[in-house]
Amino acid sequence: MIDPALLPVSDRLRALRALAPVDAVRYAEGTRDPLVQQFGHLPESEYTPESVDRLARTVVPSGLARGDLAVLSIVDVTDDTFLGSLVLFDVTATEAEVGFWLHPESRRGGHATGALELAAQLAAGSGLDALTARTLTGNVASQRNLERSGFQFVEQVEDRTPAQELVPLLHYRRPLTAPRSRIRDPEYRDPEYRDPE
264 MIDPALLPVS DRLRALRALA PVDAVRYAEG TRDPLVQQFG HLPESEYTPE
314 SVDRLARTVV PSGLARGDLA VLSIVDVTDD TFLGSLVLFD VTATEAEVGF
364 WLHPESRRGG HATGALELAA QLAAGSGLDA LTARTLTGNV ASQRNLERSG
414 FQFVEQVEDR TPAQELVPLL HYRRPLTAPR SRIRDPEYRD PEYRDPE
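Counting from 264, one number per residue, gives the positions in the sequence shown under our numbering.
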């Protein structure tokens, strides 16, 4: 399960945090982008600022509380501007699937790859062993971002998208390792650590 206490996670450029009402306008704008409509496979056919606000106030907190759904915003670390969306879903005790899209004004800045790395940190910190992803055969940008982020191609199969369309999808998987700071075994001793003398 996803540990919401680990949110937000950030690097020097971007952060992942829970989708918030303040993101509603830019989220709704982003979902109208032709590339997001073609490749995003969003559960709803249309999003308005009001529907995104409702999503942020209802579905997002309940999914995080259960730990089985994390609807996250990719935001600029300096001013909290919404850059895109990343969702961890179909969460089990060992893995989760990740889906992502960027607002058209936020593309080509490395934000997708950076957000995927932050998602991997969040998942590993939550004790998961792997992240999975699926993308359309024609979505070359998504394939490149996944591969740059350590995901490995597994197979191509006819499968259902989150929008319930049956299409040929490329399946990817990224094994995770828990960050050293999350190791809680009190008996663990790092063999390379030396007491200061």
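Ideal Cβ positions, reconstructed from N, Cα and C, are used throughout, including at glycine.
Rounded straight-line distance, which links the Cα of residue j to that of residue i
i    : j    : result
E410 : F416 : 8 Å
T355 : E292 : 31 Å
P271 : T376 : 17 Å
E307 : T294 : 10 Å
V322 : E418 : 31 Å
E421 : G362 : 18 Å
M264 : L351 : 10 Å
F345 : S336 : 7 Å
L318 : A333 : 12 Å
R407 : S314 : 31 Å
W364 : G372 : 13 Å
L282 : A382 : 14 Å
D339 : P431 : 33 Å
A426 : R277 : 28 Å
L391 : R280 : 18 Å
Q300 : F414 : 23 Å
P367 : S389 : 30 Å
S273 : V285 : 19 Å
Residue range of the alpha helix (DSSP H) that includes residue i
i    : result
R317 : 312-320
S405 : 403-411
E292 : 287-294
V299 : 297-302
Residue span of the beta strand (DSSP E) that contains residue i, given as start and end
i    : result
A278 : 277-281
H434 : 429-438
T376 : Counting along the chain, T376 falls outside any beta strand (DSSP E), though it belongs to the alpha helix (DSSP H) covering 374-388.
V420 : 415-423
Residues bridged to residue i [DSSP beta-bridge criterion]
i    : result
F363 : L349
V272 : L279
T395 : E360, R436
S336 : R280, S348
Presumed contact (8 Å Cβ cut-off) between residue i and residue j, rounded CB distance
i    : j    : result
A378 : L439 : Not quite, the Cβ-Cβ distance comes to about 15 Å (not below 8 Å), so this is no contact.
R436 : A393 : 6 Å
S348 : Y290 : 7 Å
E380 : S405 : The pair is not a contact, with the Cβ atoms about 15 Å apart (cut-off 8 Å).
Assigned exposure category for residue i - 16 Cβ within 10 Å defines buried
i    : result
T398 : buried
L429 : exposed
V403 : exposed
L325 : In the sequence under discussion, the amino acid at residue 325 is Ser, which differs from the Leu named in the question. Its Cβ having fewer than 16 others within 10 Å, S325 is exposed.
D342 : exposed
F309 : According to the sequence as given, residue 309 is Glu; it is not Phe. By the 10 Å Cβ count, E309 comes out exposed.
A328 : exposed
G401 : exposed
H374 : buried
Near the ligand GDP: residue i beta-carbon under 8 Å from a heavy atom
i    : result
L318 : The ligand GDP is not part of the structure shown, which contains no ligands of any sort.
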